[in-house]
Amino acid sequence: MNADRDPALSSGRPTLAELLRRHRLAAGLTQAELASRAGVGVRTVRDLERGRSARPQRTTVELLAGALALAGPARSAFLAAARPAASAHPAEASGGAEPAADAGPNALPPPAELIGRDRDLAELAGLLTDDRGPRLVSLVGLAGVGKTALALAAAHAAAGSHPAGVAGVLIGEGSDAADVLAASVAVFGVARLPELAARVDGRPALLLMDAVERAPDAVAEALHRLAATVPSLRVLVTGRHPVGLPGERVRPVAPLDVPPPGRERAGPAALAGYPAVALFTARLAQVRREPPGPIELPALAALVRRLGGLPLAIELMAARGRILDLNELLDRYGDRVLDLATGPADRPGWEADPGRSEGTRAAVAMTLRDAVATSYRLLAADERAALRRLAVFGNRWSVELAEEMLADGADRDGAVAVDPVPLLDRLVEIGLLSVRGTGQFRFRLLDAVRDFAIEQATGTGELTAIRRRHAQVIARLVTRTATDLVGANLPAAVHRLDEVSGDISSALTHAAVDDPLTALRLAAGLTRWWRFRGRDVAGRQWLCRLLADPRTADADPVLRAWALLGVARLAAEHGRGAEELPAARAALAAFREAGDVTGELEARTVLCALLIATGGHDEGRAQTEAVLKLATRNGRTRDMAVAQNNLAWHEIRVGDLPAARRRLAAVDRLAAQAGEQRLRVLARANLAEVARLAGRYADAVDQGRQVVAALTGLGDPGHRRRVLGTVGLALAQDGRSAEAGEVLAELRSAPASGGGSGPRPEDGICALIEGNLALHRGDRELAAEWFAAAAEAGVDGQDRRDVVEALVGLAASMADHGVLDRLDRVCRESGIRLLPQEEGLLYALAEARSGMAGPDAVGAGAGDETGVRVPRQRGTGVARARKPPVTPRSSPAPSPPGGSPWQED
Numbered sequence: 007m008n009a010d011r012d013p014a015l016s017s018g019r020p021t022l023a024e025l026l027r028r029h030r031l032a033a034g035l036t037q038a039e040l041a042s043r044a045g046v047g048v049r050t051v052r053d054l055e056r057g058r059s060a061r062p063q064r065t066t067v068e069l070l071a072g073a074l075a076l077a078g079p080a081r082s083a084f085l086a087a088a089r090p091a092a093s094a095h096p097a098e099a100s101g102g103a104e105p106a107a108d109a110g111p112n113a114l115p116p117p118a119e120l121i122g123r124d125r126d127l128a129e130l131a132g133l134l135t136d137d138r139g140p141r142l143v144s145l146v147g148l149a150g151v152g153k154t155a156l157a158l159a160a161a162h163a164a165a166g167s168h169p170a171g172v173a174g175v176l177i178g179e180g181s182d183a184a185d186v187l188a189a190s191v192a193v194f195g196v197a198r199l200p201e202l203a204a205r206v207d208g209r210p211a212l213l214l215m216d217a218v219e220r221a222p223d224a225v226a227e228a229l230h231r232l233a234a235t236v237p238s239l240r241v242l243v244t245g246r247h248p249v250g251l252p253g254e255r256v257r258p259v260a261p262l263d264v265p266p267p268g269r270e271r272a273g274p275a276a277l278a279g280y281p282a283v284a285l286f287t288a289r290l291a292q293v294r295r296e297p298p299g300p301i302e303l304p305a306l307a308a309l310v311r312r313l314g315g316l317p318l319a320i321e322l323m324a325a326r327g328r329i330l331d332l333n334e335l336l337d338r339y340g341d342r343v344l345d346l347a348t349g350p351a352d353r354p355g356w357e358a359d360p361g362r363s364e365g366t367r368a369a370v371a372m373t374l375r376d377a378v379a380t381s382y383r384l385l386a387a388d389e390r391a392a393l394r395r396l397a398v399f400g401n402r403w404s405v406e407l408a409e410e411m412l413a414d415g416a417d418r419d420g421a422v423a424v425d426p427v428p429l430l431d432r433l434v435e436i437g438l439l440s441v442r443g444t445g446q447f448r449f450r451l452l453d454a455v456r457d458f459a460i461e462q463a464t465g466t467g468e469l470t471a472i473r474r475r476h477a478q479v480i481a482r483l484v485t486r487t488a489t490d491l492v493g494a495n496l497p498a499a500v501h502r503l504d505e506v507s508g509d510i511s512s513a514l515t516h517a518a519v520d521d522p523l524t525a526l527r528l529a530a531g532l533t534r535w536w537r538f539r540g541r542d543v544a545g546r547q548w549l550c551r552l553l554a555d556p557r558t559a560d561a562d563p564v565l566r567a568w569a570l571l572g573v574a575r576l577a578a579e580h581g582r583g584a585e586e587l588p589a590a591r592a593a594l595a596a597f598r599e600a601g602d603v604t605g606e607l608e609a610r611t612v613l614c615a616l617l618i619a620t621g622g623h624d625e626g627r628a629q630t631e632a633v634l635k636l637a638t639r640n641g642r643t644r645d646m647a648v649a650q651n652n653l654a655w656h657e658i659r660v661g662d663l664p665a666a667r668r669r670l671a672a673v674d675r676l677a678a679q680a681g682e683q684r685l686r687v688l689a690r691a692n693l694a695e696v697a698r699l700a701g702r703y704a705d706a707v708d709q710g711r712q713v714v715a716a717l718t719g720l721g722d723p724g725h726r727r728r729v730l731g732t733v734g735l736a737l738a739q740d741g742r743s744a745e746a747g748e749v750l751a752e753l754r755s756a757p758a759s760g761g762g763s764g765p766r767p768e769d770g771i772c773a774l775i776e777g778n779l780a781l782h783r784g785d786r787e788l789a790a791e792w793f794a795a796a797a798e799a800g801v802d803g804q805d806r807r808d809v810v811e812a813l814v815g816l817a818a819s820m821a822d823h824g825v826l827d828r829l830d831r832v833c834r835e836s837g838i839r840l841l842p843q844e845e846g847l848l849y850a851l852a853e854a855r856s857g858m859a860g861p862d863a864v865g866a867g868a869g870d871e872t873g874v875r876v877p878r879q880r881g882t883g884v885a886r887a888r889k890p891p892v893t894p895r896s897s898p899a900p901s902p903p904g905g906s907p908w909q910e911d
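The sequence shown begins at 7 in the numbering used here and counts up by one.
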């Protein structure tokens, strides 16, 4: 048995280090905050708290006292502690005799520097200083999570509230109860338990026991005897699991918070706010001078995530930064964190003491794999099997998902419930499972624990079956959630799938090879989520691959129909809808044969959008009218609203803006009845576009900006970009150049959706905005360039009104009769009728072409913003026509959005 003492035991009076730390924690300040407030260096504060500065300058101490707002006796005691009278070790001061009964020893190693534990430390110190607090507090957790460092810091912080003394012992391997008891009384300067009771004499005392898992039964027996004989003794223990005594307060020690994926893009300051990053950079600074550079930030964030925020692992990895940069560390060790080896000096406090026995020092030399294995062996056989199953989850998961994952392996549908709560409580208790936040998906295994459990599952031959089960569980989650991807619950449903996006990817990847029917069911339910998250290209590829797999040829026809419809819907998102027209028709036929009304409504809606791409606008309108009729007959209010929204596009196509407004008013009314806030927002987006087409630019800007804000909250980046286009065009056509330029910058700064780098759907809209801005400046040549680019971008677009508006602008800029021929051809092919202001703008060109115009009919005059002179009875103006209210698309394409702008499903 080993017991440790600080080599310089203090007298009963607190030291400056103790007072400084105690007052700082009471003020709720970090070392850096106190240093900043006092105007001294943070290293000064750190050295004082560690006792490294024997005689600090009086000015420094006074600055610290002022920063801590100390007054009266507290300030006097603080200043006096900075100039202590000469003293010796208590034993030396008495000529080798025992210290006086009121000497109150502090037999603890000095505290280690803590980073990111301010809240934990304050809560624990408060628990230890509360007169009504528990007499036994256990810090439990995985090896390397920082239990010892936290316990030492808390014990030092609470020393002032324990006048009978604060001491600590390290439990050795193989100790019995007598060993533990003897060491516990010895650190207080006595030899026997009755002597300890007499020495304490009812005053509060604090004993720290570290590493109690080395002799759990012996510790439990010794603590029982200590509590019975010295009731004023409070005990703080650290270990892999609780002691198990009555009245014990168990506090799991969680790893440090790590940044979520992508957070590194916010810059080094944002990353530094995460304790795991702060610890890594602090330890890295001890082995190299340069802080992590911008090129290393992604690797820094990835490393601390991969290390699971485990302080010991972080310190070990940072130490290797002496030789390797962070990118090299990630490449070399990112997949080998279990192999990181600790050493005898890697733990704070007494284990770094060279005076420790070799047996005790060897006990802590291990790899992270060894550390996890030690906690794993504490589990019963069924608990280990459950941990191996739960390790398949890559991200956070819920109690419900755990329940399905742990169900009987023969129960494919997860109908036989297994209450996972006792198991989860057990895993939290021994530090293998972390719980963060209060949301549904709040449980997560540390990466090191998950890697170890996966290794164990591989060794037992269970991994394939576990991954198959995982895919089935995720598929059922997606199926349950898919119905909420339409309607008022859309934002919550999208967020729910976002929470398990990593598990969706891993489940789909495994099931595509091992269980393609499950993969098809999973993928068919993801269509809308893929669309909302700009993953339409990848989603379409998955669906096509699974439909082509011969093992899915005999799948349920309705399931295949939903998959086919998903292919068509996602293809429309990136301008490839015409290619999947047969898929949409096949889906419609399958739904009608099965009598599936929901499927038929969706298939007709998607089919309408695709038909517009191929010039089948009349059939497209017929399909939409069929949707309205079928929805009305079946009382499907939301589908009625969708149909009215889509029919508004056809009213615009024939130039009937009042009819379009009436239909959109019906959309708003029906969507309100259905509780469909998102559909109401999109109806207002389309009304903003109608206002723009009617020349009411200020109204269009005001309405559009309100919609943009609403769509930001709903998480629909595709529609938001399209409405930004409406706002930008209205600003440009109203001559508000500076504001239009801001919209252009925002549109162009958005990352390309779908991961592509080619032309994007918003490119055509940006070109139209630029053309109108140039036309207002009187720069006809530049305007013609932009309008030509906009027309080219819309050649293969689903809504040819992009081309019409671009060609009207081009004609106004160039006064070229050839452009009129092209415009006439596009209008005839698409069935689009020009709006009155467009006809007025082109009147002069038409007159000139027929030879009926006078010599002044064509040609720009000074200050003529359109570049075209038209007879006064027809008026003038910049090209104002544009395609009807649209819904922007989410994937890059060489054409504008690949669905009718009015289509909503």
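All C-beta atoms in this analysis are idealised placements derived from N, C-alpha and C, irrespective of residue type, glycine included.
Residue from Ala23, Phe286, Gly583, Glu435 with nearest C-alpha to Leu384: For the residues Ala23, Phe286, Gly583, Glu435, the minimum Cα distance to Leu384 belongs to Glu435.
Cβ-Cβ separation, Leu114 to Ala173 (assumed contact under 8 angstroms), whole Å: Cβ-Cβ separation between Ala173 and Leu114: approximately 7 angstroms, consistent with a contact (criterion under 8 angstroms).
Provide the residue(s) that pair with Val146 in DSSP beta bridges, ordered along the chain. Gly245, Pro258
For Glu410, which option in Asp453, Ile472, Leu438 has the closest C-alpha, if you only look at C-alpha atoms? Answer by Cα proximity: Ile472.
Buried or exposed by the 16-neighbour rule on C-beta atoms within 10 Å, applied to Gln462: buried
Within 10 angstroms of its Cβ, does Lys153 collect 16 or more other Cβ (buried), or is it exposed? buried
Between Glu787 and Gly747, what straight-line distance do the alpha-carbon atoms span, to the nearest angstrom? 19 angstroms
Three-state class that DSSP yields for Arg56 in the structure shown: coil
Boundaries of the beta strand (DSSP E) in which Arg450 is found, first to last residue: 449-451
Pop quiz: Ala738 and Ala706 are said to be a contact at Cβ under 8 angstroms. What is the actual Cβ separation, rounded to whole angstroms? Not quite, the Cβ-Cβ distance comes to about 11 angstroms (not below 8 angstroms), so this is no contact.
My understanding is that Asn651 touches Val673, with C-beta atoms under 8 angstroms, so please give their C-beta distance in whole angstroms. 5 angstroms
Tell me the DSSP bridge mates of Asp216? Leu176
Which of helix, strand or coil DSSP assigns to Arg289: helix
Let me confirm a value: Gly583 is counted as buried when at least 16 other C-beta atoms fall within 10 Å, else exposed. Which label applies? buried
Nearest-angstrom Cα distance between Ala308 and Glu389? 30 angstroms
Alpha carbon of Ala593 to alpha carbon of Glu586, nearest angstrom: Approximately 11 angstroms between the Cα atoms of the pair.
On the CB-based measure, 16 or more other CB atoms within 10 Å of its CB, does Leu22 come out buried or exposed? buried
Which runs of the alpha helix (DSSP H) fall wholly inside the stretch 474-532 and span at least 4 residues, in chain order? 496-505, 507-520, 522-530
Pick out whichever of Ala529, Thr558, Pro556 has its Cα sitting closest to the Cα of Ala544. Ala529
Rounded separation between Leu335 and Met323 - CA only: 8 angstroms
Answer yes or no: do Leu670 and Leu693 have a C-beta to C-beta separation smaller than 8 angstroms? yes
Assuming Val283 and Val310 are in contact, meaning their beta carbons sit under 8 angstroms apart, how far apart are those beta carbons, in whole angstroms? The beta-carbon separation of Val283 and Val310, rounded to 6 angstroms, stays under the 8 angstroms limit for a contact.
May I ask you to report which of helix, strand or coil DSSP gives Asn778? helix
So, is Gly273 buried or exposed, given that buried needs 16 or more other C-beta atoms within 10 angstroms? exposed
With respect to 7 angstroms, is the separation between the Cβ of Glu410 and the closest non-hydrogen atom of the ligand ATP below this value? As far as ligands go, the structure on display features none, and thus does not contain the ligand ATP.
Of the choices Ile320, Pro304, Pro200, Ala559, whose alpha-carbon is the least far from that of Gly268? Pro304
Report the partner residues of Thr373 according to the DSSP bridge assignment. Ala347, per the DSSP bridge assignment.
Are the C-beta atoms of Ala307 and some chain D residue less than 8 angstroms apart? Reference to chain D is not applicable here, since this structure consists of a single protein chain.
Candidates Leu313, Glu179, Val175, Leu330: closest to Leu346 by CA position: Leu313
Three-way DSSP call (helix, strand, coil) for Ala14 in this model: At Ala14 the pLDDT is 34, less than 50, meaning the model places this residue with poor confidence and gives no usable figure here.
Cut-off 6 angstroms between Cβ atoms - residues of its own chain near Leu130, not counting five sequence neighbours on either side: Ala160
Alpha carbon to alpha carbon, what distance is there between Thr611 and Ala715? 27 angstroms
Under 8 angstroms, do His168 and Leu212 count as touching if we go by C-beta distance? Taking 8 angstroms as the cut-off, the beta carbon of His168 is found closer than this to the beta carbon of Leu212.
Neighbour-count burial assignment, Ser755, 16 or more Cβ in a 10 Å radius: exposed
Endpoints, alpha helix (DSSP H) assigned at Ser190: For Ser190, the uninterrupted alpha helix (DSSP H) segment begins and ends at 183-192.
How would you label Ile480, buried or exposed, when you count the other beta carbons within 10 angstroms and need 16 or more for buried? With 16 or more other Cβ atoms within 10 Å, it is buried.
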